[in-house]
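Student: In numbering that gives the first Met the number 0, the protein residues as written are 0 to 248.
Even for Gly, the Cβ is constructed at its ideal location relative to N, Cα and C.
As the structure is a computational prediction, the values presented were derived from the model and not from experiment.
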Amino acid sequence: MSIAILAPIIFFVISFVFSMLGMGGSQLYVPILYWLGMNFKHEAIPLGLLLNVFTSGSAAVTYYQHRLIRVRLAVPFALAMIICAPLGAFINFQVPTKLVILVFALFTLAGSIMAYTNWKPKKKVESKKAELIMGISAGSILGLVVGFAGRGGGAMVVPILLMSGLEAKEAAATSSLIVTCAAISGFMGHLPKAHFHLLLTLATIAAVLVGSQIGSRLMAGKMKPKGVRYVFATVLLLVAVLLLRDVFK
């Protein structure tokens, strides 16, 4: 089957699921495009990041319309992450990469357990000052770690937001805006040397736009909080397992 037919079908499903989680899906788009025969650096990564922008951005529009996004928290979080990610890539941390990935895995696993058990912190981040401090500090740290480790941080944003006291729907919605901003920054960095196939690009963009709209509207309107938590928990658990596999292989 042609990649122009197979990729849109696969990415429709991915965008449907990941839009409900406030994630962009590039952690799956990029390797799948590579496995389907695209050049990893100049084709798979740029297109994967572009699809990430459309998936999370489309979902963010829906969540914003439903007033689910904590904009005061999302904006400083996203800006700090965008600024600090390049710094993390250039700073020579004296920490083994596998140790950083292990921290990612354990943090993601903690987020999964929190979602399964419906754990809530005693104090929630609610005031303007607390949201600003939370956004800048968490975004800066995550941006540095993401830049150093060379991995996307979408799976880490949701656990952080859950730990700050946001409900599952708010966490997904707020994460979608943060992830969109980070993905745009990453895409612009790869754009100068990117190569795009017009038909494949248009077909996959259309697929993720439709999938993300269906997924985000289902999440915002009809999905019950308990169902949202279980979807969150399961996907975060899978991500944690994959990260742990990278550490111990």
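Check whether the segment 39-53 and the segment 113-128 are in contact - that is, three or more C-beta pairs closer than 8 Å.
Tutor: no
Student: Which same chain residues, not among the five before or five after Ser184, have their C-beta less than 6 Å away from its C-beta?
Tutor: Ile81
Student: With DSSP as the reference, label Glu125 as helix, strand or coil.
Tutor: coil
Student: Going by CA-CA distance only, name the one from Ala154, Ser139 and Met19 that's closest to Ala219.
Tutor: Met19
Student: Could you pull the start and end residues of the alpha helix (DSSP H) that Lys168 belongs to?
Tutor: Ala167 to His189
Student: Rounded to whole angstroms, what is the Cα-Cα separation between Cys83 and Lys122?
Tutor: 27 Å
Student: How do the segment 31-42 and the segment 185-200 stand: do at least 3 beta-carbon pairs fall below 8 Å, yes or no?
Tutor: yes
Student: What separation, rounded to the nearest whole angstrom, lies between the Cα atoms of Ser211 and Pro95?
Tutor: 36 Å
Student: Should Val124 go down as buried or exposed, given a rule of 16 or more other Cβ atoms within 10 Å for buried?
Tutor: buried
Student: Does DSSP put Lys248 in a helix, in a strand, or in coil?
Tutor: coil
Student: Determine the DSSP secondary structure at Ile9, reduced to helix, strand or coil.
Tutor: The answer is helix: DSSP assigns Ile9 an H, G or I state.
Student: Can you give, in chain order, each stretch of the alpha helix (DSSP H) that sits fully within the segment 30-64 and has at least 4 residues?
Tutor: 44-64
Student: Among Gly110, Val144, Leu72 and Lys97, which residue has its Cα nearest to the Cα of Gly87?
Tutor: Val144
Student: Work out the CA separation of Gln26 and Phe11 for me, nearest whole Å.
Tutor: 15 Å
Student: Given this structure, state the Cα-to-Cα distance separating Val157 from Gly21, to the nearest angstrom.
Tutor: The alpha-carbon atoms of Val157 and Gly21 are separated by roughly 7 Å.
Student: Output needed for Leu235: all residues of its chain with C-beta closer than 6 Å, excluding positions within five of it in sequence on either side, in chain order.
Tutor: Thr107, Gly110 and Ser111
Student: Taking just the CA atoms, how far does Gly214 sit from Ser174?
Tutor: 15 Å
Student: Going by CA-CA distance only, name the one from Pro7, Ile177 and Phe17 that's closest to Leu32.
Tutor: The residue with the shortest Cα to Cα distance from Leu32 is Pro7.
Student: Considering only the alpha carbon of each residue, which of Pro45, Met155 and Gly134 lies closest to Leu199?
Tutor: Pro45
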